[in-house]
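Residue numbers (the working numbering): 13 to 343. As structure tokens, the structure follows; a few thoughts come after it.
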């Protein structure tokens with residue numbers, strides 16, 4: 013009964029999460045879950061294929077739910093990736109492993125209930141030669157799914173990172189720590205929102221309060237990357253845009269101009285009770301219509317300097333907008 017309940021709970025959680033965040037990836041990520049006794053509580057079609065690769069068997073029993081994984085694989089549970097994680101408590105974070113004649117990128121995640129380990133889930137992405145675009149989409153979707161599940165609210169930038177970056181990001185998210193401890197040496201430091209110096213979020217502070225809100229803004233470019241000064245005539249020339257969302261730590265704006273990555277800007281929020289002005293750093297960007305490369309730019313800005321008075325004003329804006337949204341939803 014416990015096995016069935018755990019399987020039902022896991023299937024419900026996966027159904028709720030996968031269609032929204034993985035979509036294409038859901039069809040190619042192998043997922044296998046076991047309980048604390050090593051019995052299978054969930055397995056999808058790609059997971060079945062993984063078992064076939066591992067065992068070399070063309071056919072498997074119709075229903076593997078409730079069966080002992082060690083018996084299905086014909087080897088001790090401790091000699092399997094998921095079983096070793098369950099017994100040692102050490103999770104696997106984005107490792108390239110061989111199952112039969114195929115290569116997979118694998119991660120494992122322990123399942124806990126009130127602090128006690130009740131099972132383990134294994135995710136495996138098959139690495140196919142000549143399918144780099146597909147692998148990129150899957151890896152990006154998987155990384156974004158993990159970030160969403162962990163509570164990070166700004167994850168859209170993950171759709172624009174490279175395959176190698178997404179693989180490293182998966183490891184960082186699973187560890188809740190940086191894969192490159194000396195983050196100044198990280199090859200993706202200018203493209204990752206989690207970089208301590210150049211990013212807008214911190215791995216150990218997941219859920220900044222971020223509210224969708226549209227506010228007209230005026231932006232002035234102050235400095236380029238590496239503290240390169242900007243000529244006065246450019247500093248004085250404003251760029252106008254609109255916020256997409258706002259938090260105490262930063263904002264996402266939409267504007268017709270591509271602001272230089274890692275540049276320092278001054279941003280003024282207009283049409284509010286009292287104008288709010290602060291400095292920030294451009295930490296990510298992407299074009300609204302990437303196929304035609306024509307149109308506005310979405311830009312992520314991390315605040316660098318903001319007064320206590322302006323911080324209080326932002327909090328008031330967030331409170332007002334959330335109250336307005338709640339009233340609209342109940343109307």
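For every residue, glycine included, the Cβ atom is placed at its ideal position computed from N, Cα and C.
Alpha carbon of residue i to alpha carbon of residue j, nearest angstrom
{"i": "residue 198", "j": "residue 185", "result": "15 Å"}
{"i": "residue 115", "j": "residue 151", "result": "15 Å"}
{"i": "residue 13", "j": "residue 183", "result": "Unreliable placement is indicated for residue 13, whose pLDDT of 45 sits below 50; the coordinate value is still reported in the next sentence. When rounded, the distance between both Cα atoms is 34 Å."}
{"i": "residue 322", "j": "residue 289", "result": "7 Å"}
{"i": "residue 191", "j": "residue 262", "result": "25 Å"}
{"i": "residue 25", "j": "residue 161", "result": "For residue 25, the predicted model reports a pLDDT of 49, less than 50, meaning its position is unreliable; a value from the coordinates is still stated below. For residue 25 and residue 161, the distance between alpha carbons rounds to 11 Å."}
{"i": "residue 46", "j": "residue 316", "result": "46 Å"}
{"i": "residue 33", "j": "residue 312", "result": "Residue confidence is low: residue 33 scores 43 on pLDDT, short of 50, so the model does not pin down where it sits. No coordinate-derived value is stated."}
{"i": "residue 243", "j": "residue 213", "result": "30 Å"}
{"i": "residue 336", "j": "residue 167", "result": "25 Å"}
{"i": "residue 202", "j": "residue 165", "result": "20 Å"}
{"i": "residue 329", "j": "residue 258", "result": "9 Å"}
{"i": "residue 107", "j": "residue 147", "result": "15 Å"}
{"i": "residue 210", "j": "residue 309", "result": "19 Å"}
{"i": "residue 319", "j": "residue 278", "result": "13 Å"}
In DSSP terms, what residue i is bridged to
{"i": "residue 80", "result": "51"}
{"i": "residue 257", "result": "224 and 264"}
{"i": "residue 296", "result": "312"}
{"i": "residue 204", "result": "Note: residue 204 sits in no beta bridge, so no partner."}
{"i": "residue 346", "result": "Residue 346 lies beyond the range of the chain shown here (13 to 343); nothing can be said about it."}
{"i": "residue 235", "result": "241 and 276"}
{"i": "residue 289", "result": "280"}
{"i": "residue 154", "result": "Partner(s): none; residue 154 has no beta bridge."}
Residue range of the unbroken alpha helix (DSSP H) whose run includes residue i
{"i": "residue 125", "result": "First-last for residue 125: 114-125, but that is the beta strand (DSSP E), not the alpha helix (DSSP H)."}
{"i": "residue 93", "result": "93-100"}
{"i": "residue 181", "result": "175-187"}
{"i": "residue 247", "result": "244-247"}
First and last residue of the uninterrupted beta strand (DSSP E) at residue i
{"i": "residue 128", "result": "128-139"}
{"i": "residue 62", "result": "Unbroken run through residue 62 is the alpha helix (DSSP H), 57-67; no beta strand (DSSP E)."}
{"i": "residue 279", "result": "276-281"}
Anticipated Cβ contact below 8 Å, residue i with residue j, distance rounded
{"i": "residue 122", "j": "residue 97", "result": "7 Å"}
{"i": "residue 283", "j": "residue 240", "result": "Actually they are not in contact, since the Cβ atoms of residue 283 and residue 240 sit about 32 Å apart, beyond 8 Å."}
{"i": "residue 287", "j": "residue 276", "result": "The Cβ separation is near 19 Å, so there is no contact."}
- prompt: Three or more beta-carbon pairs under 8 Å between the stretch 240-255 and the stretch 288-298, yes or no?
  reply: No, the stretch 240-255 is not in contact with the stretch 288-298.
message: Measuring CB atoms only, is the stretch 44-57 touching the stretch 72-91, in the sense that at least three cross pairs come out at less than 8 Å?
response: Segments in contact, yes.
- prompt: How about the stretch 87-99 and the stretch 54-65: do they share at least three Cβ pairs that are nearer than 8 Å?
  reply: No: the two stretches stay apart, fewer than three of their Cβ pairs being nearer than 8 Å.
message: So, does the stretch 164-179 touch the stretch 119-136, judging by three or more C-beta pairs under 8 Å?
response: Counting Cβ pairs under 8 Å, fewer than three are found: no touch.
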